[in-house]
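Student:
Numbering (our numbering), first residue to last: 52 to 359.
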């Protein structure tokens, strides 16, 4: 976008607990909390929309030359209200992109977004040949220091190869059985690896204490971390293993050697992008089973990645 549109800066508006780590580590120059902009005022019916009710929105958006919105796509009221409100102060170009790819899409979701953006702009702009960058997130120098401190807090040192397992995901169906992760952790430790589980709030809230106890019996747990703190722990690991999840995408984007397990979701569309990513795919039925053979398959792949 910067190259094609000749932009000096890109600002991301979103939930800060999701995008807070962008600054200094990605091509995003500024971030802003979505809660600081009263976007809800733009979802009224167009015929009822009053500019004077949206003064704070106009002020918040008046500094932009371009606005690319995933919010309100296919909502004509929102789209028309946003266009009208923004152009009350100064002219700005606005593009609305769908958040999800179409059901017939066969491209990776990032390619889908780029193509949609190209179609929105049309022939007036010349696009460079776009390929997936090898890394999109670059750890800061002090991230490694903080990450080592975090790993040390659960007993992991720099004397052995470190594997971080993330057994969660936003959707329970996308989670490889917990019993498989417990067995995987035990097997890797028997092979001389240091192992830790990385859990997000979805897992700690969803799982019964008995399940948490199973995990603790197999390896120490890193939990209650922000995404920035999770990033810091990840950048000190030698290997990451996880389900189709946001943390898997973060690991891959950091350039960490990542082994990602797919069952019901489609890796063609949603695989993490990075220089050292291996995808293991099973049918939904096989993926959902506790299976020693499946654990051995993942173990073999993990050891091969660690030794390459």
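Idealized CB from N, CA, C, for every residue including glycine.
Starting from the N-terminal side, write out each stretch of the beta strand (DSSP E) that is 3 residues or longer and does not extend beyond the segment 244–325.
Tutor: Segments of the beta strand (DSSP E) lying fully in the segment 244–325: 245–249, 290–294, 309–313.
Student: Starting from residue 146, trace the beta strand (DSSP E) in both directions and tell me its first and last residue.
Tutor: Its beta strand (DSSP E) spans residues 144–147.
Student: Among the candidates 135, 114, 84, 85, whose CA atom is the shortest distance from the CA of residue 102?
Tutor: Nearest C-alpha to residue 102: 135.
Student: In this structure, what does DSSP give as the bridge partners for residue 117?
Tutor: Its beta-bridge partners are 144.
Student: Going by the DSSP bridge assignment, what does residue 83 pair with across the sheet?
Tutor: 64.
Student: Residues in its own chain within less than 6 Å of residue 254 by CB, not counting five upstream and five downstream?
Tutor: Excluding sequence neighbours, residue 254 sits near 219.
Student: Which residue marks the beginning of the alpha helix (DSSP H) containing residue 346, and which one marks its end?
Tutor: 343–358 is the extent of the alpha helix (DSSP H) around residue 346.
Student: Going by beta carbon distance, what residues of the same chain come within less than 7 Å of residue 80, once the five residues before and after it are set aside?
Tutor: Only 60, 61, 62 meet the Cβ criterion.
Student: Measure the Cβ-Cβ separation of residue 310 and residue 282 and say whether it is below 8 Å.
Tutor: Result no, Cβ atoms of residue 310 and residue 282 do not sit closer than 8 Å.
Student: CB residue 159 to CB residue 320, shorter than 8 Å?
Tutor: Yes, they are a contact pair.
Student: Within 10 Å of its beta-carbon, does residue 299 have 16 or more other beta-carbons around it, so buried, or fewer, so exposed?
Tutor: It counts as buried.
Student: Measuring straight from C-alpha to C-alpha, what distance separates residue 343 and residue 178?
Tutor: Each residue's alpha carbon lies about 49 Å from the other.
Student: What are the boundary residues of the beta strand (DSSP E) that includes residue 329?
Tutor: Per DSSP, residue 329 belongs to the beta strand (DSSP E) from 328–332.
Student: Would the segment 256–270 count as touching the segment 164–175 if we require 3 or more Cβ pairs under 8 Å?
Tutor: At 8 Å Cβ cutoff, the stretches do not touch.
Student: Since residue 330 contacts residue 318 with CB under 8 Å, what's their CB separation in whole angstroms?
Tutor: That belief holds up - the Cβ atoms of residue 330 and residue 318 are roughly 5 Å apart, short of 8 Å.
Student: Leaving out five residues before and five after residue 279 in sequence, what residues of the same chain have Cβ atoms less than 7 Å from its Cβ?
Tutor: So the qualifying residues of the chain are 71, 72.
Student: Inspect the beta-carbon positions of residue 227 and residue 94 and report whether they are closer than 8 Å.
Tutor: No.
Student: Would you kindly check if the distance between the Cβ of residue 124 and the Cβ of residue 147 is under 8 Å?
Tutor: Contact flag set, yes.
Student: Could you work out which residue in 117, 88, 111 is closest to residue 52 when comparing CA atoms only?
Tutor: That would be 117, whose Cα lies nearest to the Cα of residue 52.
Student: Nearest to residue 213 by alpha carbon, out of 239, 348, 107, 350?
Tutor: Among 239, 348, 107, 350, the Cα nearest to that of residue 213 belongs to 239.
Student: Rounded to whole angstroms, what's the CA-CA distance from residue 189 to residue 210? Just pull it up for me.
Tutor: About 24 Å.
Student: Using DSSP's beta-bridge definition, name the partner residues of residue 214.
Tutor: 246, 290, per the DSSP bridge assignment.
Student: My guess is that residue 307 and residue 285 are in contact by the Cβ rule of under 8 Å, so how many angstroms apart are they, rounded?
Tutor: The Cβ separation is near 6 Å, so the contact holds.
Student: Report the rounded CA-to-CA distance for residue 322 versus residue 198, giving the unit in angstroms.
Tutor: Answer to the nearest angstrom: the Cα atoms are 25 Å apart.
Student: Starting from residue 53, trace the alpha helix (DSSP H) both ways and give me its first and last residue.
Tutor: Looking at the DSSP string, the run of the alpha helix (DSSP H) that includes residue 53 is 53–56.
Student: As a quick exercise: from 175, 185, 216, 245, pick the residue whose alpha carbon is nearest that of residue 203.
Tutor: For residue 203, the nearest C-alpha among the options comes from 245.
Student: For the alpha helix (DSSP H) that contains residue 96, what are its first and last residues?
Tutor: Segment: none, residue 96 is in no alpha helix (DSSP H) and carries neither H nor E.
Student: Would the beta-carbon of residue 293 fall within 8 Å of that of residue 216?
Tutor: Closer than 8 Å, so yes.
Student: Since I believe residue 172 is in contact with residue 140 (beta carbons under 8 Å), could you give me their beta-carbon distance rounded to a whole number of angstroms?
Tutor: Rounded, the Cβ-Cβ distance is 22 Å, inconsistent with contact.
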